[in-house]
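Colleague: Per the working numbering: the sequence shown = residues 59 to 230.
Below: one structure in structure tokens.
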Amino acid sequence: MAEANWYVVHTYSGYENKVKANIEKTIENNKDLAERILEVRVPMQEVVEMKNGVKKTVQKKLFPGYVLLNMVMDDDTWYVVRNTRGVTGFVGPGSKAVPLTEAEMKPLGIKAENISIDFCEGDSIAVVAGVWKDTIGIVQKLDYSKQTATINVELFGRETPVEISFAEVRKL
Numbered sequence: 059m060a061e062a063n064w065y066v067v068h069t070y071s072g073y074e075n076k077v078k079a080n081i082e083k084t085i086e087n088n089k090d091l092a093e094r095i096l097e098v099r100v101p102m103q104e105v106v107e108m109k110n111g112v113k114k115t116v117q118k119k120l121f122p123g124y125v126l127l128n129m130v131m132d133d134d135t136w137y138v139v140r141n142t143r144g145v146t147g148f149v150g151p152g153s154k155a156v157p158l159t160e161a162e163m164k165p166l167g168i169k170a171e172n173i174s175i176d177f178c179e180g181d182s183i184a185v186v187a188g189v190w191k192d193t194i195g196i197v198q199k200l201d202y203s204k205q206t207a208t209i210n211v212e213l214f215g216r217e218t219p220v221e222i223s224f225a226e227v228r229k230l
């Protein structure tokens with residue numbers, strides 16, 4: 059199965075919650091879609107307003123006119139979302155939907171699942187996937203925000219630091 063990504067859908071202004079409800083109802087009626095459209099969100103933020111001299115905390119839409127979808131993009135899911143009442147289209151060039159990048163998702167509070175690791179700086183690890191597969195190195199640095207480990211590998215007779223994803227390594 060393809061990987062799920064976050065996509066942005068443009069809606070008529072004020073229809074964000076209706077679009078969310080309509081997509082969720084469609085998913086509820088079609089169990090096959092439930093495995094491919096994983097989450098529908100209308101990003102909200104708390105804002106303090108002053109009315110008649112009284113402070114009041116209210117929820118406001120972070121992006122009026124937009125809805126976020128975590129889904130596996132294929133012809134069926136594209137068609138269902140695109141033809142939902144209130145949706146004007148996916149954000150992207152033409153009719154092509156472009157997924158959000160990690161950097162774009164970070165300020166929204168959406169995080170990729172964290173991978174727990176059983177090694178630390180100074181430990182020997184083996185790379186089990188990717189370009190550096192079957193390489194052994196000593197962890198020089200760990201970056202939990204990017205979920206990467208920096209190891210030194212021998213390249214053209216020199217030690218070269220390489221960043222490897224936590225998912226691609228295991229402790230020796």
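We put the beta carbon where it would ideally sit given N, CA and C, even for glycine.
On a predicted model such as this, the values are computed, not experimentally measured, just so you know.
Tell me which same chain residues have a C-beta within less than 7 Å of the C-beta of Tyr70, skipping the five on either side of it?
Modeller: What you label residue 70 is simply residue 12 of the sequence shown in a count that begins at 1. Closer than 7 Å at the Cβ level, and outside the excluded window around Tyr70, lie Gly144 and Thr146.
Colleague: Glu74 to Pro151, Cα distance in whole Å?
Modeller: Looking up residue 74 in the sequence shown gives position 16. Looking up residue 151 in the sequence shown gives position 93. In a straight line, the C-alpha of Glu74 is about 21 Å away from that of Pro151.
Colleague: According to the Cβ coordinates, are Lys119 and Met102 closer than 8 Å?
Modeller: The residue you call residue 119 lines up with position 61 of the sequence shown. The residue you call residue 102 lines up with position 44 of the sequence shown. Against a cut-off of 8 Å, the Cβ pair of Met102 and Lys119 comes out as a contact.
Colleague: How long is the line joining the alpha carbons of Pro122 and Val100, rounded to whole angstroms?
Modeller: In the sequence shown, residue 122 corresponds to position 64, counting from 1. In the sequence shown, residue 100 corresponds to position 42, counting from 1. Computed Cα separation, rounded: 9 Å.
Colleague: State the Cα-Cα distance for the pair Glu221 and Met108, rounded to the nearest angstrom.
Modeller: As a first step, residue 221 is located in the sequence shown; it is residue number 163 there, counting from the start. As a first step, residue 108 is located in the sequence shown; it is residue number 50 there, counting from the start. In this structure, the alpha-carbon of Glu221 lies about 49 Å from that of Met108.
Colleague: I need the DSSP call for Pro219, collapsed to helix, strand or coil.
Modeller: For the purposes of this step, residue 219 is taken as the residue at position 161 of the sequence shown. Three-state DSSP puts Pro219 in a strand.
Colleague: Do Ala184 and Arg39 come within 8 Å of each other at the CB atom, strictly closer than that value?
Modeller: The chain is shown from 59 up to 230; residue 39 falls before or after that span and cannot be answered.
Colleague: Assign Ala225 to buried or exposed, taking buried as 16 or more other Cβ atoms, counted over all protein chains shown, within 10 Å of its Cβ.
Modeller: Counted from its first residue, the sequence shown places residue 225 at position 167. By the 10 Å Cβ count, Ala225 comes out exposed.
Colleague: Considering only C-alpha positions, which residue in the set Lys199, Glu179 and Glu212 is nearest to Trp190?
Modeller: Here residue 190 refers to the residue found at position 132 when the sequence shown is read from its first residue. A check of alpha carbon separations from Trp190 across Lys199, Glu179 and Glu212 identifies Glu212 as the nearest.
Colleague: Reducing DSSP to helix, strand and coil, say where Ile175 ends up.
Modeller: Here residue 175 refers to the residue found at position 117 when the sequence shown is read from its first residue. Three-state result, Ile175: coil.
Colleague: Nearest to Glu61 by alpha carbon, out of Asp132, Glu86 and Gln117?
Modeller: Within the sequence shown, numbered from 1, the residue matching residue 61 stands at position 3. Answer by Cα proximity: Asp132.
Colleague: What would DSSP say about Trp64, mapped onto helix, strand or coil?
Modeller: Looking up residue 64 in the sequence shown gives position 6. Of the three classes helix, strand and coil, the one that applies to Trp64 here is strand, per DSSP.
Colleague: Taking CB distances under 8 Å as the criterion, tell me whether Lys199 reaches chain D.
Modeller: The structure shown contains no chain D, having only a single protein chain.
Colleague: Can you tell me where the alpha helix (DSSP H) with Lys83 in it begins and where it stops?
Modeller: Position 25 of the sequence shown, counted from the first residue, corresponds to residue 83. That run of the alpha helix (DSSP H) goes Glu74 to Asn87.
Colleague: Take the Cβ of Phe148 as the centre, count every other Cβ of all protein chains shown within 10 Å, and call the residue buried at 16 or more, exposed below.
Modeller: As a working mapping, residue 148 is identified with position 90 in the sequence shown. So Phe148 counts as buried.
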